[in-house]
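For the sequence shown, the positions run 387 to 459 when this note's numbering is used.
Where is the CB? At the ideal position from N, CA and C, for every residue including glycine.
Note that the structure is predicted; figures quoted are calculated from it, not measured.
Have a look at the structure below before the remarks.
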Amino acid sequence: MLNYQGLAALRLGELDQYVTCLERGIEGALAINSKKRLQEAFTIYQQVPRHWRDEPRMKQVIERFHLSVGGVN
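Pasting the structure below:
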């Protein structure tokens with residue numbers, strides 16, 4: 387559910403809400419060891435505008451989870 391809330395936030399241009407959903411979505415997927423939910427989060431992440439990746443809070447999540455445009459580094 388968090389992944390799709392994140393997708394909605396992304397489409398609405400709500401950076402803060404998106405980052406919260408991304409972070410919680412990845413944490414949840416890792417906690418339950420769900421490859422499907424993790425892949426959903428990465429697929430949605432790939433749609434993020436490039437300039438969002440320069441935002442401090444987004445950079446923290448990118449670094450924490452080792453994200454790249456293709457998913458995980």
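Taking all protein chains shown into account, L396 has 16 or more neighbouring C-beta atoms within 10 Å of its C-beta and is therefore buried.
In this chain, the alpha helix (DSSP H) harbouring D402 covers L401 to A417. Here G399 is exposed, its C-beta having fewer than 16 other C-beta atoms within 10 Å.
By the CB criterion at 8 Å, A427 and N389 fall inside the cutoff. By the neighbour-count definition (other C-beta atoms within 10 Å, threshold 16), V455 is an exposed residue. For E449, the enclosing alpha helix (DSSP H) has its first and last residue at P442 to F451.
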